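In our numbering, the protein residues as written are 171 to 521. Below you'll find the structure, written out as structure tokens, and then a few comments.
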């Protein structure tokens, strides 16, 4: 019977050699799997949609071999790694907006402003954006009708494009959370919907400048509770074809910082209680058909920095010919001179 073989324990040098081999093996595996690991924190459907989008715009330089959450202009959430933000303004993007965007179903922020995008918006662009709160497509060449957006939208900026048509009630009814609406410098026509504040009660900034809206300024604007209470409230309707009087109800928007109505066909006198807008910093009513004198209550607008009433039929001071930057003393002087001149012209001694 042969004696048992002795148990051989590996030397320390042998252990070290095996350890190195294992390390090299792991390293090779990591290298081979690197593309997969790089995409482990991105959603493949979102990445495919973005790559499809980028084929139309080579200037984006997005690489298919890297995590799309690391691409310029892209942000993802921390839990599901879905794309929630796409912000690529001023990249020289040219042509139509690709429909592949609608597959980014978790998108909450979309900014494609200051590009050369053209044509109408894709029919179903908003159909899958259930979380979109900010949409900025301003300063492009987009055309067609105002799309039917989503109730989640809070900030909508379509300014400086070629959109046209009227503002339909059903569009406004879907904008229940809207805080700021800017559709200035387009080709919209028709009247401003009377129900705009009932359907979008959270509005703080309303900018319909430089279109071709007609009719009167809706009295319903006074129902915009946030235009009444927000510290940054602005009502901007210049450069349209609005007519009729400036209704006294507009003075209920007591937190307005800017009231800009120049370049219309507004007539009648300036609202008697304009002084209720004591926080006004800008009052621009020039190039209209306003008449009468400046209300004495305007002296309550002590924060006024710019007053422009030129090219109207207002009686009184020559200071009304050009815009002025005012302080409270200058404003008092302008108003008292205006009222004084008016009284002098219509006194019994001057029939």
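Where is the CB? At the ideal position from N, CA and C, for every residue including glycine. Bear in mind the structure is a predicted one, so any value in this text is a computation, not a measurement.
- Between the region 394–404 and the region 439–446, the count of Cβ pairs shorter than 8 Å is below three; the stretches do not touch.
- In the same chain as residue 438, and ignoring 5 residues on each side of it, the C-beta atoms closer than 8 Å to its own belong to 414, 415, 416, 460, 461, 462, in chain order.
- Residue nearest to residue 236 within the set 377, 367, 213, 342 is 213 (criterion: CA-CA distance).
- In the DSSP annotation of this structure, the continuous segment of the beta strand (DSSP E) that includes residue 377 starts and ends at 375–377.
- In the structure shown, residue 471 falls within a coil segment according to DSSP collapsed to helix, strand and coil.
- Rounded to the nearest whole angstrom, the C-alpha separation of residue 271 and residue 483 is 52 Å.
- Just so you know, the alpha carbons of residue 339 and residue 354 end up roughly 18 Å apart.
- Following the DSSP letters along the chain, one finds residue 223 in no beta strand (DSSP E) but inside the alpha helix (DSSP H) bounded by residues 214–224.
- In the three-state reduction of the DSSP assignment, residue 442 falls in the coil class, being assigned neither a helical nor a strand state.
- Around the beta carbon of residue 233, a 10 Å sphere encloses fewer than 16 other beta carbons of the protein chains shown; the residue is thus reported as exposed.
- Residue 479 places its beta carbon less than 9 Å from that of residue 464.
- Residues 311, 312, 313, 356, 357 of the same chain have their beta carbon placed closer than 7 Å to that of residue 332, with the five preceding and five following residues left out of the count.
- Assignment of residue 313 by DSSP, reduced to helix, strand and coil, places it in the strand class.
- For secondary structure counted as the alpha helix (DSSP H) over 4 or more consecutive residues, the region 328–404 holds these complete runs in sequence order: 339–343, 366–369, 395–399.
- Residue 476 and residue 434 have their alpha carbons spaced roughly 19 Å apart.
- Contact annotation: residue 408 and residue 379 have beta-carbon atoms nearer than 9 Å.
- Around the C-beta of residue 401, fewer than 16 other C-beta atoms lie within 10 Å, and the residue is accordingly described as exposed.
- The Cβ neighbour count for residue 363, taken over all protein chains shown within 10 Å, is at least 16; the residue is labelled buried.
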